[in-house]
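Numbering (the working numbering), first residue to last: 2 to 725.
All residues carry an ideal CB built from backbone N, CA and C; glycine is no exception.
Dropping the structure here:
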């Protein structure tokens with residue numbers, strides 16, 4: 002029997018043989034094949050924005066409602082409808098996520114612009130850590146979905162942020178032929194083109210391919226700053242039989258212009274100034290000097306083999322080579338006149354290579370009345386980074402209200418550059434068991450990691466000898482499945498994160514941070530509906546948090562503890578066959594609970610940090626997205642979307658001396674399936690997306706009195722896509 006679920010053609014994934022599980026919640030979703038008949042399923046994402054299953058949270062393809070963890074998935078249809086230009090933009094409607102904290106520089110800083118439960122999340126690509134994510138190199142056109150796992154993930158992923166991880170899932174080769182080309186243009190001189198081809202290479206579907214490419218060029222709201230990206234992602238799947246598959250994939254991306262680091266002092270942007278207001282297109286740099294480019298190449302594979310009805314082996318591996326060069330001018334303080342900004346030049350050259358592999362052996366079996374899905378994993382990763390960098394204060398100051406660009410900038414002397422070589426490796430062994438008994442689902446997981454790090458440098462003070470460490474992490478969770486679709490759960494999880502390259506003022510390497518989280522929640526998925534509603538409360542702490550030493554910024558002090566408590570609500574549902582909804586709300590109380598640190602606010606007054614809120618973490622965020630498609634109507638084929646995003650006020654520094662105002666943004670989209678009126682044009686779709694519809698000028702966040710980030714102004718993108 003073949004089951005095909007309706008969805009976009011681009012959502013199709015390879016045809017696989019799986020074991021059907023009864024819909025009754027009393028039966029385990031992981032029930033193994035010896036008790037069930039085999040079904041051949043052509044897996045496609047359901048129409049709408051609701052994903053029912055997740056692989057990243059447990060690595061075992063478990064229904065979200067049975068997983069004791071907060072999970073939010075951005076589906077391919079949501080990506081197609083919203084047309085995000087970056088990972089940050091793709092997460093605008095996800096609960097607990099605060100994207101674009103770097104404002105217009107979010108493309109440049111990538112994952113460092115994200116906040117998840119008050120912390121910067123780790124970014125993974127197809128289940129493996131993505132060391133190119135700092136600069137957001139993988140274009141959203143290459144995404145199949147984006148999975149947000151909130152809370153400590155170390156049991157399955159090793160070193161990671163306690164706030165959680167973002168796992169980007171790449172497009173896969175498909176057994177159904179797919180041919181797509183797309184062209185688009187927008188304001189800020191944006192031009193974009195892409196293609197996506199997939200299908201079988203032989204009559205027996207043993208060989209499948211996918212080839213996806215993208216090219217874009219655009220200016221930004223600072224006219225002399227450009228953003229360009231060209232990428233191609235080939236993939237090839239070999240399936241010699243129904244039990245074995247091997248997918249080879251690569252991604253090669255070149256960004257000759259990556260955008261830029263752009264910010265403004267607090268005075269004149271979020272704080273009043275008698276001299277006026279800083280323009281949202283202000284940049285502290287200069288076109289005669291600023292330049293940033295990056296090259297990234299990734300080659301990897303995914304292997305899976307089913308030995309029998311009990312045992313399955315899976316292996317993921319990837320090699321990444323990432324290189325970037327950047328000339329930047331950064332602010333160095335506002336002078337007493339309130340309009341003259343001192344600056345300094347910074348040059349960096351970075352090359353990085355990573356080798357990652359994750360091996361997993363899964364067993365599905367019964368112990369009496371308890372059904373078990375047991376996972377044993379061994380992972381290894383190695384990162385090598387080479388940095389050459391230097392700075393110079395020989396940069397003319399700039400007037401923030403009346404900037405003059407095109408001045409001569411003296412860059413740093415290469416003879417004074419610092420050079421660092423960092424080598425880090427991690428080996429982890431983990432064990433997880435998912436147990437099912439009637440309505441109960443119990444998860445237990447443990448992991449042991451061994452980490453090594455060393456750093457060489459031309460500066461003796463930056464040399465770190467081999468520094469081995471090891472860490473044990475664990476998690477547990479319990480879910481109860483009611484017959485009416487309600488699923489309350491509780492969980493506890495721990496994490497750790499080495500501070501590679503950080504040196505304390507004593508000259509010793511910084512120790513890893515550690516995290517712990519208690520979470521309780523409720524999920525609701527009514528039978529027969531295409532919807533998922535979730536609610537979660539959590540208490541999350543992180544210890545050994547490093548901060549730059551105010552007396553010697555080249556070193557860190559590990560200030561103690563940050564605590565984040567919060568509430569998250571989410572609703573993803575297809576209200577009708579024509580109307581889809583995404584709604585979310587998050588309350589985040591994130592504070593420095595233990596630290597001896599003091600800092601100086603914008604008013605020049607020194608104050609203690611302990612007890613203060615983290616900067617750039619708003620207490621409240623909310624979003625709503627509605628999408629409506631007309632069917633059986635004179636305007637059949639017309640679709641419309643509207644969204645609203647609210648980001649509450651946040652503090653602008655760690656002594657809480659000033660606030661960044663709250664802001665509300667509107668988004669809108671309209672699309673038309675031309676084939677609905679003319680069958681000869683079947684497959685042609687026209688679409689218009691507008692972000693920040695009212696062209697609101699706002700500051701997304703600040704991290705000091707000299708560093709506030711203007712948000713992205715109105716962007717307009719019109720596209721034409723043809724599928725056949």
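Endpoints, beta strand (DSSP E) assigned at residue i
{"i": "residue 586", "result": "580 to 595"}
{"i": "residue 240", "result": "227 to 242"}
{"i": "residue 158", "result": "Counting along the chain, residue 158 falls outside any beta strand (DSSP E), though it belongs to the alpha helix (DSSP H) covering 155 to 158."}
{"i": "residue 364", "result": "341 to 368"}
{"i": "residue 101", "result": "Run containing residue 101: none; DSSP gives neither H nor E here."}
{"i": "residue 72", "result": "72 to 75"}
{"i": "residue 549", "result": "532 to 550"}
{"i": "residue 376", "result": "371 to 393"}
{"i": "residue 292", "result": "292 to 307"}
For residue j and residue i, the rounded distance between their alpha carbons
{"i": "residue 277", "j": "residue 338", "result": "13 Å"}
{"i": "residue 392", "j": "residue 593", "result": "31 Å"}
{"i": "residue 307", "j": "residue 632", "result": "43 Å"}
{"i": "residue 597", "j": "residue 617", "result": "21 Å"}
{"i": "residue 428", "j": "residue 660", "result": "43 Å"}
{"i": "residue 55", "j": "residue 396", "result": "51 Å"}
{"i": "residue 715", "j": "residue 370", "result": "58 Å"}
{"i": "residue 467", "j": "residue 568", "result": "41 Å"}
{"i": "residue 329", "j": "residue 390", "result": "11 Å"}
{"i": "residue 211", "j": "residue 173", "result": "7 Å"}
{"i": "residue 316", "j": "residue 373", "result": "21 Å"}
{"i": "residue 520", "j": "residue 491", "result": "6 Å"}
{"i": "residue 128", "j": "residue 157", "result": "10 Å"}
{"i": "residue 286", "j": "residue 219", "result": "19 Å"}
{"i": "residue 565", "j": "residue 517", "result": "11 Å"}
{"i": "residue 704", "j": "residue 103", "result": "9 Å"}
{"i": "residue 41", "j": "residue 621", "result": "Model confidence at residue 41 stands at a pLDDT of 33, short of 50, so the residue's coordinates are unreliable and nothing is read from them."}
{"i": "residue 647", "j": "residue 588", "result": "12 Å"}
{"i": "residue 239", "j": "residue 246", "result": "6 Å"}
{"i": "residue 653", "j": "residue 702", "result": "7 Å"}
Cβ neighbours of residue i in the same chain (closer than 6 Å, five flanking residues each side left out)
{"i": "residue 215", "result": "140, 142, 195, 232"}
{"i": "residue 625", "result": "584, 645"}
{"i": "residue 249", "result": "237, 302"}
{"i": "residue 462", "result": "none"}
{"i": "residue 387", "result": "352, 422"}
{"i": "residue 380", "result": "359, 429"}
{"i": "residue 181", "result": "197, 724"}
{"i": "residue 312", "result": "364"}
{"i": "residue 544", "result": "515, 562"}
{"i": "residue 722", "result": "183, 686"}
{"i": "residue 560", "result": "546, 548, 596, 598"}
Nearest candidate by alpha-carbon position, reference residue i, set the options
{"i": "residue 120", "options": "261, 162, 184, 150", "result": "162"}
{"i": "residue 692", "options": "643, 700, 724, 655", "result": "643"}
{"i": "residue 528", "options": "439, 79, 483, 685", "result": "483"}
{"i": "residue 473", "options": "494, 489, 488", "result": "494"}
{"i": "residue 707", "options": "284, 87, 565, 512", "result": "284"}
{"i": "residue 552", "options": "519, 510, 506, 580", "result": "506"}
{"i": "residue 217", "options": "58, 258, 145", "result": "258"}
{"i": "residue 179", "options": "213, 205, 146, 159", "result": "213"}
{"i": "residue 440", "options": "451, 470, 485, 410", "result": "485"}
{"i": "residue 710", "options": "263, 148, 88", "result": "263"}
{"i": "residue 321", "options": "300, 314, 335, 333", "result": "300"}
{"i": "residue 68", "options": "49, 151, 90, 125", "result": "151"}
{"i": "residue 480", "options": "51, 70, 97", "result": "70"}
{"i": "residue 272", "options": "403, 453, 658, 615", "result": "658"}
{"i": "residue 325", "options": "471, 294, 113, 255", "result": "294"}
For residue i, the first and last residue of its enclosing alpha helix (DSSP H)
{"i": "residue 607", "result": "No alpha helix (DSSP H) contains residue 607, which is instead part of the beta strand (DSSP E) from 607 to 609."}
{"i": "residue 91", "result": "88 to 91"}
Per DSSP, the bridge partner or partners of residue i
{"i": "residue 600", "result": "608"}
{"i": "residue 480", "result": "442, 490"}
{"i": "residue 723", "result": "182, 685"}
{"i": "residue 456", "result": "423, 465"}
{"i": "residue 402", "result": "Looking at the DSSP assignment, residue 402 forms no beta bridge with any residue, so it has no partner."}
{"i": "residue 666", "result": "646"}
{"i": "residue 560", "result": "Paired residues: none, contrary to the question."}
Same chain, Cβ closer than 7 Å to residue i, neighbours up to 5 away in sequence not counted
{"i": "residue 201", "result": "176, 208, 209"}
{"i": "residue 532", "result": "51, 526, 573, 574, 575"}
{"i": "residue 190", "result": "219, 220"}
{"i": "residue 253", "result": "232, 233, 298"}
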